[in-house]
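Its first residue numbered 28, the sequence shown is counted upward by one per residue in my numbering.
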Amino acid sequence: MAKKKLRVGLVGYGFMGRTHSNAFTSVSNFFDSGYTPELTAICARNGEKAKAFAEQWNYQSVETDWRKMIARDDIDLIDIASPNDTHKEIAIAAAEAGKMVMCEKPLGRNAAESAEMVAAVEKAGVANMVWYNYRRVPAVTLAKQLIDEGKLGRIFHYRAKFLQDWTISTDLPQGGEGLWRLDKDVAGSGVTGDLLAHCIDTALWLNGEIDTVTGTTETFIKERMHTLTGKMQKVTIDDASMFLARFANGSLATFEATRYARGHKALNTFEINGENGSIAWDLHDLHRLEFFDHSDEGLTRGWKTLHITDGDHPYMDKWWVPGLQIGYEHTFIHQVADFIKGLEDGTAPSPTFREAMATDVVTDAVLKSAETGAWESARN
Ligand SMILES: NC(=O)c1ccc[n+]([C@@H]2O[C@H](COP(=O)([O-])OP(=O)(O)OC[C@H]3O[C@@H](n4cnc5c(N)ncnc54)[C@H](O)[C@@H]3O)[C@@H](O)[C@H]2O)c1
């Protein structure tokens, strides 16, 4: 039977534009499904650069205004891979035009924006998903399976970190192309919405809802030249953010993110301690899951390193032979594969906009707590 087309219109050709384009291009080569994505249009404001991107990735056409792309009737799915201040307007317009929507994280710059986006996709009844790709690292997906099977038993502790070091220089400007993450108006917040959002999404998925949080943030470099104005301006994003959390299941948690951890480029980790066992994962070694099983007996008991490359590990039957690893880009391919599976099954592909909004509710609570110094509710 002929496969249906999934005609994609992508907004943004930056870092995520490339990971998404690769995912849409590759998915049908590895995952069987009734849909084949087609790279129908790429949209970016700079027509020349967008054209060069279209040639490199085989997009059929170029748009410089996302409104025109959304108005086209030869596009089924709008994929948003542009900075955070663009997400809400594009997603709502796409939903109102009846398009499916995939959106990069964080969904909105805050939970209020996300709520409007959730309302729009739910009113339109269109398929929607947010690119929290770390859920689809096979080792992380396996961690979810082990927890759901009760291998850890009652959970006592959740510990997460996301550490980088790329903003330590005082000479680094803020704002504009490539540096929009340092501009609060565009990004919404600093590391809380950028890095901690990933940790929070993974934690909500693995360990359930967070009830309350108390946090603190710091902006180490107080002024930077703004690329768009050419002037020294106050820095308003959080450079570092830490918080304590109490989960609904009674466990206690610590979360930390910074762009000032010299030597660390993308150290995204979690460790979970339960009554019957513990698991730990580290993005730098993403194909391994550390596992301690308290029921192991004998002199060789202890932490085990599981190499997540066998055919019965999550997603791995679609790739090479046991022992051969996959990497970062595959998490995006898995995300598209699951989105398509949702279209076929009629199930909502997770995380939906509504599920991803929960992360923004927690990041809002962390930022509020950093101001009030109090414990704040992290529930909607
Ligand atoms: N899932 C992840 O792990 C992950 C990683 C990095 C970034 N992100 C998210 O992806 C999004 C994009 O981040 P990035 O690192 O790819 O940024 P980037 O700066 O590399 O690319 C952004 C792109 O958006 C384009 N753009 C900006 N405004 C636009 C507009 N109005 N219309 C059309 N195009 C526009 C820019 O020209 C650029 O091509 C952000 O929301 C970010 O938080 C997610």
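Beta carbons: idealized from backbone N, C-alpha and C, even for Gly.
Just so we're clear, the structure is a prediction, and the values are computed from it rather than from any experiment.
With which residues is residue i paired in a DSSP beta bridge?
i    : result
L37  : I69, D106
F282 : A187, F270
I360 : Bridge partners of I360: none, in fact.
Q260 : R251
E403 : V240
D309 : T296
V157 : C130
I182 : G301
L333 : L316
S88  : A68
T63  : K32
E398 : Its beta-bridge partners do not exist; DSSP assigns none.
A149 : It is Glu, not Ala, that sits at residue 149 in the sequence shown. None; E149 has no bridge partner.
Q201 : H253
E324 : Its beta-bridge partners do not exist; DSSP assigns none.
E245 : A267
Less than 8 Å separating the Cβ of residue i from some heavy atom of ligand 3?
i    : result
C226 : As for ligand 3, it is missing from this structure, which binds only ligand 1.
For the candidate residues the options, whose alpha-carbon lies nearest to that of residue i?
i    : options                : result
A108 : C130, V167, Q352, D212 : C130
R181 : L233, D265, A154       : L233
R186 : G301, I97, T386, H114  : G301
T254 : T243, L206, F297       : L206
K171 : L271, W158, P341       : P341
Y40  : E65, E90, N56, G61     : E90
G290 : A142, Q191, E176       : Q191
G11  : T113, Y287, K78, A272  : Past the boundaries of the shown model lies residue 11; the chain is included only from 28 to 407, so the question cannot be answered.
K132 : S404, W402, T390       : T390
A397 : F51, I264, V35, A307   : I264
T335 : F318, S322, V145, K115 : One detail in the question is off: residue 335 reads as Ile in this sequence, not Thr. Taking only the C-alpha atoms, the option nearest I335 is F318.
I411 : F297, D312, H314       : Examination of residue 411 is not possible in this model, given that the chain is present from 28 through 407 alone.
F58  : A124, F380, F366, A375 : F366
H361 : A230, A275, P110, P165 : P165
A224 : G350, D387, A29        : D387
D406 : K395, E371, A375, A385 : Residue identity check: residue 406 is Arg in the sequence provided, not Asp. Among K395, E371, A375, A385, the Cα nearest to that of R406 is on A385.
T358 : R45, E82, I248, R162   : R162
T194 : K178, G74, Y287        : Y287
N85  : R99, N56, G74, S48     : S48
R94  : E123, E149, K31        : E123
D198 : G257, E140, D221       : G257
A383 : N137, K31, W330        : N137
D103 : E75, K115, K31         : K31
M259 : G329, E140, A214, Q201 : Q201
E403 : F282, D100, G242       : G242
L33  : R45, G44, T46, T52     : T52
A284 : L222, D92, W158        : L222
A267 : E245, S141, G277       : E245
G354 : K76, A147, L313, V348  : L313
K188 : L169, M252, G235, L310 : L310
Flag residue i as yes when its Cβ comes closer than 8 Å to any non-hydrogen atom of ligand 1, and as no otherwise.
i    : result
A71  : yes
A146 : no
S422 : Absent from the model: residue 422. The displayed extent of the chain is 28 to 407, so no value can be given.
P133 : yes
N160 : yes
Y40  : yes
W207 : yes
T113 : yes
E204 : yes
W93  : yes
G400 : no
D221 : yes
M259 : no
M252 : no
M43  : yes
Can you round the beta-carbon distance between residue i and residue j to whole angstroms, since I take them to be within the 8 Å contact cut?
i    : j    : result
K345 : S60  : Contact flag wrong, Cβ pair sits at about 11 Å.
E250 : V262 : 6 Å
N229 : V393 : A small correction: the amino acid at residue 229 is Thr; Asn does not occupy that position in the sequence shown. Not really, about 15 Å apart at Cβ, beyond 8 Å.
F174 : M144 : Checking the sequence, you will find Ile at residue 174 rather than Phe. The pair is not a contact, with the Cβ atoms about 29 Å apart (cut-off 8 Å).
F270 : F282 : 5 Å
Q87  : A68  : 7 Å
I97  : K126 : 6 Å
M43  : P376 : M43 to P376, Cβ: 18 Å. No contact.
A121 : V128 : 5 Å
Under a CB-based cut-off of 9 Å, is residue i close to chain D?
i   : result
R94 : In summary, chain D is missing from the structure at hand, where a single protein chain is found.
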